[in-house]
Every structure is written in structure tokens, then in C-alpha cells.
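Residue 271 is where the sequence shown ends in this note's numbering, and the numbering goes up by one at each step. Taking it in order: structure first as C-alpha cells, then the write-up.
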Amino acid sequence: MNVEISKFFFDIGIPIYDCYGLTETSPGITMNGSQAYRIGSVGRPIDKVKVVIDSSVVEEGATDGEIIAYGPNVMKGYHNRPEDTKAALTPDGGFRTGDRGRLDKDGYLFITGRIKEQYKLENGKFCFPVSLEENICLASFVQQAVVYGLNRPYNVCIVVPDFDVLLDYAKEKGLPTDIKTLVEREDIIHMISEAVTGQLKGKFGGYEIPKKFIILPEAFSLDNGMLTQTMKLKRKVILDKLNDRIEALYKEDK
Numbered sequence: 018m019n020v021e022i023s024k025f026f027f028d029i030g031i032p033i034y035d036c037y038g039l040t041e042t043s044p045g046i047t048m049n050g051s052q053a054y055r056i057g058s059v060g061r062p063i064d065k066v067k068v069v070i071d072s073s074v075v076e077e078g079a080t081d082g083e084i085i086a087y088g089p090n091v092m093k094g095y096h097n098r099p100e101d102t103k104a105a106l107t108p109d110g111g112f113r114t115g116d117r118g119r120l121d122k123d124g125y126l127f128i129t130g131r132i133k134e135q136y137k138l139e140n141g142k143f144c145f146p147v148s149l150e151e152n153i154c155l156a157s158f159v160q161q162a163v164v165y166g167l168n169r170p171y172n173v174c175i176v177v178p179d180f181d182v183l184l185d186y187a188k189e190k191g192l193p194t195d196i197k198t199l200v201e202r203e204d205i206i207h208m209i210s211e212a213v214t215g216q217l218k219g220k221f222g223g224y225e226i227p228k229k230f231i232i233l234p235e236a237f238s239l240d241n242g243m244l245t246q247t248m249k250l251k252r253k254v255i256l257d258k259l260n261d262r263i264e265a266l267y268k269e270d271k
């Protein structure tokens with residue numbers, strides 16, 4: 018859970034304790050609790066479970082790496098899938114989660130990204146879109162977001178605005194209330210980009226913060242094929258559909 022959201026619930030007297038695990042780990046790996054918790058983390062390893070951070074699979078000098086779990090809760094392998102089993106399990110029985118994280122000095126685990134979803138910008142620096150997107154969605158006027166920048170000079174951001182909030186703003190300012198017209202206005206694009214930039218400053222490196230934006234008049238949904246059944250973004254589908262508009266943003270620099 019986002020740190021700001023966790024703090025909000027703690028402040029109103031409703032503590033929410035983050036945990037972490039996967040089906041392959043039965044499913045628990047780490048857990049926060051009322052007697053031992055750290056906001057922003059997913060807790061410490063549960064009894065008889067050990068977590069190791071493998072920094073060999075990330076960039077040199079990183080303080081995090083792939084999370085590997087050891088313990089009696091770890092699966093023996095995937096049924097009739099020997100190649101997948103070999104890729105997922107280390108020779109000494111650890112499970113490669115595919116998630117990226119770090120351990121603090123007290124053993125609390127912090128999730129920093131997803132190994133498969135990370136990408137490099139043109140300058141060779143890594144970006145983790147999910148972490149950026151979670152924070153962007155806390156900005157004013159933003160409902161959904163997708164960040165992209167693979168092998169590019171900078172990130173761009175696709176934003177689905179909070180339409181109710183945007184319409185209220187438009188009425189207050191005497192602007193047109195047609196959504197398609199609103200999202201194409203330069204002043205609206207600038208306002209949303211400023212809100213996103215302000216949300217990310219101080220939390221992410223300058224190279225991670227999107228420089229250009231696409232504002233959409235329609236939310237990502239199951240009906241338009243942009244979300245999975247578990248309401249997760251279909252990143253490739255979204256990027257493929259908006260490829261021409263994304264390319265146009267980068268071509269503006271040439």
C-alpha cells in the first residue's frame with residue numbers, strides 16, 4: 018500500500034498491516050503486525066522463512082535486488098513444467114519471486130518494483146513504472162496512469178483523469194464540459210502535468226518524472242480491454258493502442 022494511504026488510515030485509528038507472499042509460497046513470506054510493523058514495508062519474514070536479496074540481477078550499485086524466499090512454505094515446483102521450475106527455483110531451494118525489494122537494518126522488507134516490468138531509459142537508468150503510477154494516481158485530477166520510457170530519453174505518462182473532479186473544475190472556471198474537448202485543451206494538460214510533477218518531486222529522481230503527457234477521455238476498463246479480470250492494467254495493450262500518439266510526443270523533440 019502507498020505510504021501516504023497507510024499513514025492516513027493510521028492517523029484515523031484504522032491501522033492496516035501490509036503483508037507479502039505468492040501462491041508459490043503458500044502464500045505468506047513477510048508480515049506486519051500490531052506488535053511489529055513499519056509503514057511502507059510489507060513486514061518481516063514469518064517464522065521459519067528467510068528472505069535474501071539478489072543484487073546480481075539489477076544494475077551495479079543498487080541497494081535492492083530480486084527477492085528470493087526460503088522456507089518450508091516454498092513450493093517443490095510447477096506440475097509438469099520442468100523449465101519453469103528450473104527458472105523459478107535456485108539450486109539451494111529458494112524461490113525467485115520476480116519482485117524487486119530491499120531489507121532494512123531491522124529485517125523489514127520494502128517492495129521497490131517488479132523485475133519484469135522495469136526498463137532502462139536511454140541514459141541507462143532503470144525505471145519502475147508501477148511505483149511511479151501508484152504515486153501519480155494520488156495526484157489531483159488523476160484516476161489511472163501508465164508510464165512509458167523504454168530506451169527513450171525520458172518518460173511520458175498516459176493519464177485518465179478523475180472525470181467528476183475535472184468536470185467540477187471546468188464548471189467552476191467556466192470551461193466547456195465536454196470531456197473530449199477538455200482533455201485536449203493545453204491549459205488542462207498543463208494543469209494535470211503540474212499536479213503529477215508535484216506529486217512525484219522529492220520521491221523520485223528527476224529522470225523518472227514524466228516530461229510529456231497524454232490525457233484520455235475514457236477510463237481503462239474491462240469493457241474496452243484495457244484491464245485484466247483482476248483489474249490490473251494491460252500495459253502492452255494500452256501502449257500498442259496509443260503507440261502513434263506516444264511516438265508523436267517524442268518526435269516533437271526532433
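Glycine included, C-beta positions come from ideal geometry on N, C-alpha and C.
Distance from the Cα of Ser-157 is smallest, within the candidate group Val-177, Phe-143 and Gly-219, for Val-177. About 7 Å separates the beta carbons of Cys-174 and Ile-153, which is inside the 8 Å limit, making them a contact pair.
Under the DSSP assignment, Arg-252 falls in the alpha helix (DSSP H) whose first and last residues are 252-258. Scanning the segment 97-164 for uninterrupted beta strand (DSSP E) segments of 3 residues or longer gives 112-120 and 126-131, listed from N- to C-terminal end.
Annotated three-state conformation of Ala-212 is helix, per DSSP. Contact between Asn-49 and Val-66 is absent: CB atoms are separated by about 14 Å, not below the 8 Å threshold. Looking at the DSSP output, Tyr-87 sits in a beta bridge with Lys-67.
Fewer than three pairs of CB atoms, one per stretch, sit closer than 8 Å, so the segment 241-249 makes no contact with the segment 179-194. Lys-197 carries a helical assignment under DSSP once its states are collapsed to helix, strand and coil. Around the beta carbon of Thr-40, fewer than 16 other beta carbons lie within 10 angstroms, which makes this residue exposed. Secondary structure note for Tyr-186: its alpha helix (DSSP H) is the uninterrupted segment 180-190. With contact defined as three or more Cβ pairs closer than 8 Å, the segment 75-95 and the segment 114-134 are in contact. For Phe-230, the uninterrupted beta strand (DSSP E) run begins and ends at 229-232, by DSSP. Closest in C-alpha terms to Gly-45, from the list Ala-212, Ala-236 and Val-59, comes Val-59. Every alpha helix (DSSP H) stretch that sits fully inside the segment 18-56 and reaches 4 residues is listed by chain position as 20-28.
Taking the CA atoms as reference points, Arg-169 sits about 15 Å from Arg-262.
Within the same chain, Val-69, Ile-85, Ala-86, Tyr-87 and Val-91 come within 8 Å of Gly-111 by CB-CB distance, once the 5 residues on both sides are set aside. Its chain contains Phe-158 as the residues whose beta carbon lies nearer than 6 Å to that of Val-182, once the 5 sequence neighbours on both sides are disregarded; these appear in chain order. Under the three-state reduction of DSSP output, Lys-218 falls in the strand class.
Judged by DSSP in its simplified three-state form, Ile-226 adopts coil rather than helix or strand. When the five nearest sequence neighbours on each side are left out, the beta carbons in the same chain lying within less than 8 Å of the beta carbon of Lys-137 are those of Phe-143, Cys-144, Leu-167 and Asn-168, in order along the chain.
Per the coordinates, the alpha-carbon of Val-254 lies some 25 Å from the alpha-carbon of Leu-199. Taking 8 Å as the cut-off, the Cβ atoms of Ile-128 and Tyr-37 count as close. The C-alpha of Lys-103 lies about 20 Å from the C-alpha of Val-75. Of all alpha-carbon atoms in Phe-26, Ser-73 and Val-20, the one lying nearest the alpha-carbon of Ile-56 is that of Val-20. In this structure Leu-155 does not touch Glu-225 by the C-beta definition: roughly 16 Å separates them, more than the 8 Å allowed.
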